[in-house]
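Chains A and B supply the protein sequences, listed in that same order. For the record, in the first sequence the residue sitting at position 661 is 660 according to numbering that gives the first Met the number 0, with numbers rising by one throughout. For the record, in the second sequence the residue sitting at position 380 is 379 according to numbering that gives the first Met the number 0, with numbers rising by one throughout. Where a beta carbon is used, it is the ideal one built from N, C-alpha and C, also for glycine. Below is one structure, written out as structure tokens; comments come after it.
2 protein chains.
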Amino acid sequence: MATDTAAPADPAPEPPETVEEAPPAPRPTPPGGDDKFPVPQVDVAALTALLDGRYADVRNLVRTNLAAYASILEEQETLDRAAFRERVKDVVLEMAATGQTGMGFPEEYGGGGDVGASFAAFETLAFGDLSVLVKVGVQFGLFGGAILQLGTKRHHDAYLADLITGQLMGCFAMTETGHGSNVQALGTVATYDADAGEFVITTTEPGANKDYIGNAAAHAEVAVVFAQLEVAGEGHGVHAFVVPIRRDGEPAEGVRIEDDGLKMGLNGVDNGKLWFDHVRVPREALLNRFADVSEDGTYHSDIENPGRRFFTMLGTLVQGRVCVGGGGINASKVALAIAIRYALRRRQFEATSETEEDLLLDYGQHQRRLFPLLASTYALHFAQEVVAGQCHDVFSGNQTAEKFRRELESRAAGTKALGTWHATRTIQECREACGGAGYLAVNRFAALKADTDVFTTFEGDNTVLLQLVAKGLLTDYAGEFEEMDQLGMVRFVAGLAVETVVERTSVHKLFERVRDLLPGGDRWDQEAGVLDSDYQLAMLRFREEHMLAGVARRLKRGIDAGMNPGEVFSRVQDHVIHAARAHTERLVLEAFVDKVRGMPEGDDKVVLGLLCDLHALSLIEADRAWFMEHGRLTVVRSKEISRRIGSLCRRIRPVARELVDAFGVPEEMLRSPDLIS
Amino acid sequence: MATDTAAPADPAPEPPETVEEAPPAPRPTPPGGDDKFPVPQVDVAALTALLDGRYADVRNLVRTNLAAYASILEEQETLDRAAFRERVKDVVLEMAATGQTGMGFPEEYGGGGDVGASFAAFETLAFGDLSVLVKVGVQFGLFGGAILQLGTKRHHDAYLADLITGQLMGCFAMTETGHGSNVQALGTVATYDADAGEFVITTTEPGANKDYIGNAAAHAEVAVVFAQLEVAGEGHGVHAFVVPIRRDGEPAEGVRIEDDGLKMGLNGVDNGKLWFDHVRVPREALLNRFADVSEDGTYHSDIENPGRRFFTMLGTLVQGRVCVGGGGINASKVALAIAIRYALRRRQFEATSETEEDLLLDYGQHQRRLFPLLASTYALHFAQEVVAGQCHDVFSGNQTAEKFRRELESRAAGTKALGTWHATRTIQECREACGGAGYLAVNRFAALKADTDVFTTFEGDNTVLLQLVAKGLLTDYAGEFEEMDQLGMVRFVAGLAVETVVERTSVHKLFERVRDLLPGGDRWDQEAGVLDSDYQLAMLRFREEHMLAGVARRLKRGIDAGMNPGEVFSRVQDHVIHAARAHTERLVLEAFVDKVRGMPEGDDKVVLGLLCDLHALSLIEADRAWFMEHGRLTVVRSKEISRRIGSLCRRIRPVARELVDAFGVPEEMLRSPDLIS
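Written out as structure tokens, the structure reads:
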């Protein structure tokens, strides 16, 4: 090679084509596919059953409901904002009447008594109009969830039956204009007036108004309001109160409501701002599961530490994060189903023949665009199944250990972040893959893009959530981890011996396990096959542990050098986020590998195995620089991984249609007459 | 380190902190900034003058016009679609009256006679509502440009004066539903009827209707229609005709018009579909600059080769690509101005102090999110200045060499692709960086996102454009390159000796030059400073040449092995795209480096130097795996680059506001009362 005369030798000369990659002879390969392997026969129904899992009935009920209200996809365009809000509300109420939205509530109040079913129902709803989804989330998840989780029997008796039917609409007033992610610092105050036996709720300063509150601008009659509780001049931190905000359609006395106005998407949800001017509510309005104020003004909580008390209350929000993550993942399925079906009918340019243009999906670049996203969608689906299952266990009382709950919160945060970023990226890529037609509103992407965009922000900004994940890992979910702020976390970690952190991350055990599992011993990373799931998992686990130990080392070094802890944190922050992402990616891959391993032998297992490999290798490829920098990937192997990805894409090509059909997105929800019909 | 006991030694132990990185003592560092360097004093006006370049007056005229019609940003939300379309049209006509939109037309018809000025005006318009921008592009760029470039004096006399004022509205009817990017295959036919001396225009088959045509649904009276010309039974390929499509607001006889309906964005532009049923136009309707049909039905063209003729006609479209690329780059400036100003007033969490929350922009991760995008925006701005200048030279007759024109087409295609993908990415990142407030329509991102989304698709799908770039590079812009389809390109390259391609890419000369320039001789890549622009450019150039040679080798190998050329292309396609991207990234960096080198010494030069380094190192970091795989980056150096990026971000932090102010986005265009006021 001419370049070699002047340049240092290329450390990775193109290796000879492997047998698998050798061009077949004598007959020409069909474009895009790979005829060296038999095309597996995918049983779409069986795959759908696998994806639907134990809640197939619930998911099918939602599919039926979505199809029944399919006109909402058009109404989103044709109705004006006010009318569309009413329409969304009506659809939500009618769906509620089928039991679809109340599955997580106790049966004695008319609910389904199955938390896990509520996740399955919510996720599936993401196939349809997303204003409906978010309205359901606001009413039954946030508002209903707060009453159920933070309230006690008196609140359950007063509100649950009516809110489950939607007869009582409510909202969840936590976020303030001035305090988005930092809820602990919010500025609304609830002062106990012992003489009257009432709390007085007040917006104390500019920016302390509630903001972006779904259901607030038009429909909610009551709000669960988060405010700083003050009793007899003493502050006790953030607590939640049930506050009537609207009567006969008009704001209640002392309450000011403003509409948040037009949004990028989700315009069927009435988001608004709320101000409180000395609004009085009875003592019983305090949602008192974790703390109470007696009539005479004595504050009591079983959780003495205010920070921990706050995070215990906040912990009940984990359900919302589980829901949003699942919503993002399922919205991605809609985009992929459209883009892949389009690529199977759209032809563009003659590439293999002089006379007929080629299908888009037969272009290598098009496969490379879409199939890794398809594989990740499967991976995230199964990861979501795990987190939803764990959440079910915690909220059904099957798992009571504190540490299990903390780990769930971390896993939910990470899955929500990755699932919603995945949605933004996938929907964008699918839109571009559908060209100009993808830009027309009738073809679904306009709403999908605009509506899902805020998923990366609400129920916790993704960046903030990943910091939460990292904090848990660095502190090993210590009892005090939840209440640590960033300063506290930096100091905590800096106070540990580095060995402690490294020990915690079990890097020793990992390497022992890897040596036992993989053929290469200490050279496992060079000798195992790249399609060996144990190799793939070991790579992700190595990265995670190494990154975490690196963050701990950097924090310590900064503090030891006398830097301001905030400055230390700022400089380490991108490593913190990367470590959290690496951790979550490992959890996601584990979920996918476990699922595939548990499948009965057969073609479906073969196909999901291909997808799982594609997902794993795409993750390693995306971060291959890191693996090379850290001595875990040779140049030859890195290039092999990239080639394998191309080869996996060609093997997936013949079953791509079946793989999106298996998602079971109702045909009515795909709409897109220009793209798929 | 504990991990090392079980794992192979980390090849890159954390090097000791360099002097530059050492924590300062004794006083604490201000958060986010870097006080080891004096903060440069940025002269915002001088920087604006530098960015505005020779067309400062033109840009200021547009700024004034934008401010005068600032209400359009709100009207985009409040008016219904039909009313908004009319409003956009009115604004376009009123702007036209100031001379803003006609700058590229000859003075004798009322134009400004300066092609370069028309790019500057168009780009600057991207600070405002983008329906206005696109409507201007459709009327004056596509429609007006086709009349000017493809027509002759009779067409100029008949149409130019009226279209420059907007009195005559027209559209550019090229794209068909069934043929998006593959224009050569379109299905509309124009048959010459020698007896009548007329062309008969017909939509011959389903999918051959024109689609997504801006101005077609409501306002255009005439269309420039691209159709397959048939004379006396013989086909001559695609030609353009002026066809009246609407009279007194009603479709002309034989013309069917349908509205494309609601779109994701740009709803102030009336896109539509057109069908032609034996529509007759006089012989003179043929835009006959490159080919003509005589009265008796004799076809004549000075360009004998039909493929080259087609691409010569298409070449006039290059102006549109230059415009769209510039539009994307300038829309990014709006997003960055908002996000950076928001991050300078928004506080979130206590990180450096127990009592006050920190500014978002003082978080390392936030700087890492926004500053590389800011740097790339500057880089793309200067690259756009180069391509617009070259385009000016070609269309003003200053440059007449065929090869120069072909290289311009390639550069315009690459810059359009990178500039518009940059816009999509930057606007998304900025939206997320503004949290929930970024989701409210009042804060600008809703429109910015929705309106710019299609930029990656129109005026050439970005993926297709990058293939065009690669084709030019691989064939060295051979005379026949334009007319080659993918099959032809594969065969052409496969027919060359590999050495030919490698020789062409001047890799020898490159290495000689690098050896002379950089201190390290053959080890230049290890011994030059990472902040040396020559090093950065050499890295990008090495990558480009190496990738191109690799594509050529792969194409040859596939063909030599007897594979179908289409299959070979499909498998190599991702390498093709990467090579084209690498080439364009090198051109962009060169433009930035050249600009900085030409600045007078002073603080502004220092600051742009920081941005230029940040841009270059971010490019290398993003592809550091490739550089490691190809022996041009050691692990130690790779990590050094990542650390330098953090350090550059901290140095840019104190002047971030000035750097976005220098864009000169009119304050009215930022809107965003919740974010920046």
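Proximal residues, the region 632-648 of chain B versus chain E, C-beta separation under 7 Å: No chain E appears in this structure, whose protein chains are A and B.
Beta-bridge pairing of residue 291 (chain A) - partner residues as DSSP gives them: Translated into the one-based positions of the first sequence, residue 291 (chain A) becomes position 292. In the DSSP output, where bridge partners are listed per residue, residue 291 (chain A) has A:299.
Residues from the region 242-266 of chain A in contact with chain B, defined by Cβ distance under 7 Å: Of all residues in the region 242-266 of chain A, 259, 260, 261, 262 and 263 have a Cβ within less than 7 Å of some Cβ in chain B.
Any alpha helix (DSSP H) of 4 or more consecutive residues that is wholly inside the region 550-609 of chain B: For the region 550-609 of chain B, whole alpha helix (DSSP H) runs of length 4 or above, ordered along the chain, are 564-596.
Endpoints, the alpha helix (DSSP H) within which residue 145 (chain A) is located: The residue you call residue 145 (chain A) lines up with position 146 of the first sequence. Start and end: 143-149.
First through last residue of the alpha helix (DSSP H) which encompasses residue 448 (chain A): Numbered from its first residue, the first sequence carries residue 448 (chain A) at position 449. Start and end: 444-451.
Cβ-based contacts, 7 Å cut-off: residues of the region 325-345 of chain B near chain A: Correct list: empty, as no residue qualifies.
DSSP state of residue 317 (chain A) mapped onto helix, strand, coil: As a working note, residue 317 (chain A) is residue 318 in the first sequence. Helix, per DSSP.
Outcome for residue 396 (chain A) when other beta-carbon atoms lying within 10 angstroms are tallied against a minimum of 16: Within the first sequence, the letter at position 397 stands for residue 396 (chain A). Around the beta carbon of residue 396 (chain A), a 10 Å sphere encloses fewer than 16 other beta carbons of the protein chains shown; the residue is thus reported as exposed.
CB contact below 8 Å: residue 452 (chain A) versus chain B: Here residue 452 (chain A) is taken as the residue at index 453 of the first sequence, counted from 1. Yes, residue 452 (chain A) lies at the interface with chain B (some Cβ there is under 8 Å from its Cβ).
Other residues of its chain near residue 148 (chain A): CB distance less than 6 Å, five sequence neighbours each side excluded: Residue mapping note: residue 148 (chain A) aligns to position 149 of the first sequence, counting from 1. Answer for residue 148 (chain A): 315, listed in chain order.
Contact with chain A by residue 348 (chain B), beta-carbon distance below 8 Å: Mapped onto the second sequence, residue 348 (chain B) falls at position 349. Yes, residue 348 (chain B) lies at the interface with chain A (some Cβ there is under 8 Å from its Cβ).
Completely contained beta strand (DSSP E) runs for the region 221-278 of chain B, where each covers 3 or more residues: Look at the region 221-278 of chain B and you find these whole runs of beta strand (DSSP E), each 3 residues long or longer: 221-230, 233-243, 254-258 and 271-275.
Interface residues of the region 439-451 of chain A facing chain B [CB-CB below 8 Å]: Answer in chain order: 439, 440, 441, 444, 445, 448 and 449.
Run of the beta strand (DSSP E) containing residue 171 (chain A), from where it starts to where it stops: Your numbering for residue 171 (chain A) matches position 172 in the first sequence. Looking at the DSSP string, the run of the beta strand (DSSP E) that includes residue 171 (chain A) is 169-172.
Extent of the continuous beta strand (DSSP E) to which residue 211 (chain A) belongs: Working through the first sequence from its first residue, we reach residue 211 (chain A) at position 212. DSSP places residue 211 (chain A) inside the beta strand (DSSP E), whose first and last residues are 209-212.
Residues of its chain near residue 608 (chain A), where Cβ-Cβ distance is below 7 Å and the 5 sequence neighbours each way are ignored: For the purposes of this step, residue 608 (chain A) is identified with residue 609 of the first sequence, where counting begins at 1. Within its own chain, the residues whose Cβ lies closer than 7 Å to the Cβ of residue 608 (chain A), once the five positions on either side in sequence are excluded, are 595, listed in chain order.
Neighbourhood of residue 78 (chain B) by C-beta, 8 Å cutoff - its chain only, sequence neighbours within 5 removed: As a first step, residue 78 (chain B) must be located in the second sequence, where it is residue number 79. If we look at residue 78 (chain B) and ignore the five residues flanking it on each side, its Cβ neighbours are 86.
Residue 673 (chain A), enclosing alpha helix (DSSP H) - first and last residue: Position 674 of the first sequence holds residue 673 (chain A). Note, residue 673 (chain A): alpha helix (DSSP H), 672-675.
Within 8 Å, strictly: CB atoms of residue 72 (chain B) and residue 326 (chain B): Position 73 of the second sequence, counting from 1, holds the residue named residue 72 (chain B). Position 327 of the second sequence, counting from 1, holds the residue named residue 326 (chain B). No, these two residues do not count as a Cβ contact at 8 Å.
Member of B:159, B:184, B:469 and B:434 whose CA lies at the smallest distance from the CA of residue 576 (chain B): The residue labelled residue 576 (chain B) in the question sits at position 577 within the second sequence. For the residues B:159, B:184, B:469 and B:434, the minimum Cα distance to residue 576 (chain B) belongs to B:469.
Where the region 354-387 of chain A meets chain B: residues whose CB sits under 9 Å from a CB there: Taking a C-beta cut-off of 9 Å against chain B, the contacting residues of the region 354-387 of chain A are 356, 357, 361, 362, 363, 364, 365, 366, 367 and 368, listed in chain order.
Interface residues of the region 411-435 of chain B facing chain A [CB-CB below 8 Å]: From the region 411-435 of chain B, only 423, 427, 430, 431, 434 and 435 have a Cβ closer than 8 Å to chain A.
Chain B contact for residue 538 (chain A) (CB, 8 Å cutoff): Here residue 538 (chain A) refers to the residue found at position 539 of the first sequence. So, not an interface residue.
Any C-beta of chain B under 8 Å from that of residue 534 (chain A): Here residue 534 (chain A) refers to the residue found at position 535 when the first sequence is read from its first residue. No - not a single Cβ of chain B is within 8 Å of the one on residue 534 (chain A).
Residue 695 (chain B) versus residue 228 (chain B): straight-line alpha-carbon distance, rounded: Any answer about residue 695 (chain B) is impossible in this case: the structure gives chain B only from 0 up to 676.
Nearest-angstrom Cα separation, counted from residue 569 (chain A) out to residue 105 (chain B): For the purposes of this step, residue 105 (chain B) is identified with residue 106 of the second sequence, where counting begins at 1. For the purposes of this step, residue 569 (chain A) is identified with residue 570 of the first sequence, where counting begins at 1. One C-alpha to the other measures close to 56 Å.
Within 8 Å, strictly: CB atoms of residue 196 (chain A) and residue 294 (chain A): In the first sequence, the residue the question calls residue 196 (chain A) occupies position 197. In the first sequence, the residue the question calls residue 294 (chain A) occupies position 295. A contact, by the Cβ cut-off of 8 Å.
Cutoff 8 Å; reference residue 41 (chain A); Cβ partners in own chain excluding five residues on either side: Within the first sequence, the letter at position 42 stands for residue 41 (chain A). 602, 603, 606, 654, 657, 658 and 661.
Contact list for the region 283-304 of chain B against chain A, Cβ threshold 9 Å: Within the region 283-304 of chain B, no residue qualifies.
Element boundaries [alpha helix (DSSP H), containing residue 660 (chain B)]: For the purposes of this step, residue 660 (chain B) is identified with residue 661 of the second sequence, where counting begins at 1. For residue 660 (chain B), the enclosing alpha helix (DSSP H) starts and ends at 655-660.
Beta bridge counterpart(s) of residue 192 (chain A) as assigned by DSSP: Here residue 192 (chain A) corresponds to residue number 193 of the first sequence, with the count starting at 1. In the DSSP output, where bridge partners are listed per residue, residue 192 (chain A) has A:197.
Of the residues A:213, A:305, A:250 and A:193, the one placed nearest residue 237 (chain A), counting alpha carbons only: Translated into the one-based positions of the first sequence, residue 237 (chain A) becomes position 238. Minimum Cα distance to residue 237 (chain A) is reached at A:305.
Chain A contact residues for residue 603 (chain B), given Cβ-Cβ distances below 7 Å: Reading the second sequence from its first residue, position 604 is the one you call residue 603 (chain B). What residue 603 (chain B) touches in chain A: nothing, since even the nearest Cβ is about 27 Å away.
Any chain B beta carbon closer than 8 Å to residue 484 (chain A): By 1-based counting over the first sequence, the position of residue 484 (chain A) is 485. True, the Cβ-Cβ gap to chain B drops below 8 Å.
Neighbourhood of residue 253 (chain A) by C-beta distance below 7 Å, restricted to the same chain and skipping five residues each side: Taking the first sequence and counting its residues from 1, one reaches residue 253 (chain A) at position 254. So the qualifying residues of the chain are 275, 276, 277 and 278.
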